[in-house]
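Going by our numbering, the first residue of the sequence shown is number 13, and it counts up by one from there.
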Amino acid sequence: MAEYLPVDLSSLKTDTKVGCDLYLLVKSGADSRYILYCRGDAIFESNKREMLLGKNISRLFITKEDQQKYYEYLENNFQSIISDTSISPGERTKIVHSAATNLVKDLFNDPRSGNVERTKTFAYNMVDYVLKDNDAAHSLLKIAVHEYYTYTHSVNVAAVGTLFAKSIGFKNEDLRELCSGILLHDVGKTRISTDILNKKGKLTKEEFDEIKKHPELGIEVLDEADIEFKEERIITIQHHENDDGTGYPHGLKKDEIHLSGKIARIIDVYDALTTKRTYADAVRPFAALVEMKEKMSNCFDNELLMEFIRFLGPYDPRKKPRQ
Ligand SMILES: [Fe+2]
């Protein structure tokens, strides 16, 4: 039997073709069944939406097999969905999350130029969205800090990094490139054996040397995409450089590391600590910041790290929300 997944009615634009069949869940007594409501090749007309709203129905269903088609639809209609003020900021953020997560999954499964270019386009749209709409930025940041371990983690971290860079004065074009760089920075790992990447025990020196190649392999992936990258290249090559020169691949130190590279180093470690890994559990955001400050301060530009801690401060889940 087909498996069905819910989709928010607010993500479906009227007068568009969604590309996948939409079902309605009908319950009668103890039984429930899915009935076809709108075919994927038919226009989703406003009367169809009104009818659902009139019955207080806020979601439809798609089959699991059609999930990819639905995500493509979200991506293609991204601009109009995120600028639709009839959708609440919370719902819009949820839509941004689903589309972005799917995109990052595609990128890592198949890092060919099409997906690299899609990631860049999406990151630019995502930054425009958070710049245009303060409520959106706020709700994205709140979710990103509170849901520290979810399937949308890399998207959350890209959002945190972008909003942090905005808070220290990055301007629009640089922010777009920074967001796209954070989403792309580890793409070189797709060229490293999964046996090494997923190894549970301690890595041998040879295995660690292999892992250390991923910034340069990432540049190869970007080069093959044949589109212009600036900050993305800096972030990809410098995100493992340490402030004291002990990082890789080039052992750069202090101001030899570009500001975007320094931000990426902070974000990358924050990401690693707050994500469940094969060898360790995830830690909460503020425990991660303490660990970074107390045990890893040689890795970071400390002034920038302090800025980052101050930036996340208002979102500390230990604090009571402001009245
Ligand atoms: Fe990395």
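Cβ atoms here follow ideal geometry from the backbone N, Cα and C, with glycine treated the same way. Predicted, not measured: the structure shown is a model, and the values here were computed from it.
Membership of R203 in any beta strand (DSSP E) is not indicated, and neither H nor E is assigned to it by DSSP. Taking 8 Å as the cut-off, the beta carbon of V30 is found no closer than this to the beta carbon of Y83. In the structure shown, S40 falls within a strand segment according to DSSP collapsed to helix, strand and coil. H262 has its Cβ no nearer than 7 Å to any heavy atom of ligand 1. Partner residues in the beta bridge of V19, as assigned by DSSP, are L72.
In the assembly as shown, I239 is an exposed residue. Its beta-carbon has fewer than 16 other beta-carbons within 10 Å. Under the DSSP assignment, G66 falls in the alpha helix (DSSP H) whose first and last residues are S58 to G66. Linking D293 to T287 through their CA atoms gives a straight-line distance of about 7 Å. The alpha-carbon of D221 is positioned some 15 Å away from that of I249. At least one heavy atom of ligand 1 sits closer than 7 Å to the Cβ of D198.
DSSP places C50 in the strand class (E or B) of the three-state scheme. For L115, DSSP records no beta bridge to any residue. L34 has C50 as its beta-bridge partners, per DSSP. Using a C-beta cut-off of 8 Å, the segment 119-127 makes no contact with the segment 51-64, since fewer than three inter-stretch Cβ pairs fall below that distance. When the Cα atoms are used, L316 and F134 turn out to be separated by approximately 27 Å. Classified as exposed, S309 has fewer than 16 neighbouring CB atoms from the shown chains inside 10 Å of its CB. Beta bridge pairing from DSSP links T28 with F56. In this structure G193 touches E244 by the C-beta definition: roughly 4 Å separates them, less than 8 Å. At a cut-off of 7 Å, the beta-carbon of D280 counts as near ligand 1: some heavy atom of the ligand is closer than that. Under the criterion of beta carbons closer than 8 Å, H150 and H197 do not qualify as touching, at roughly 25 Å. Straight-line spacing of the CA atoms in D267 and A112 works out to 33 Å. One thing to note: V108 has its Cβ no nearer than 8 Å to the Cβ of L72. In this structure L324 is not in contact with E303, their Cβ atoms being roughly 14 Å apart against a cut-off of 8 Å.
Shortest Cα-Cα distance from D27 to any of K67, K81, N89 and V295 involves N89. A check of alpha carbon separations from A170 across V116, Q80, R104 and I74 identifies V116 as the nearest. Burial state of D33 is buried, judged by a 10 Å Cβ sphere holding 16 or more other Cβ atoms. Residue pairing by DSSP places K183 in no beta bridge whatsoever.
Distances between the C-beta of H270 and the heavy atoms of ligand 1 are all 7 Å or more. Remark: C-beta atoms of S179 and E103 do not approach each other more closely than 8 Å.
If you draw a straight line from the Cα of E185 to the Cα of H270, it is about 16 Å long. For G173 and D280, the gap between their C-alpha atoms comes out near 10 Å. Looking at the DSSP output, R45 bridges to V38. One Cα belongs to Y260, the other to I223, and the distance between them is close to 10 Å.
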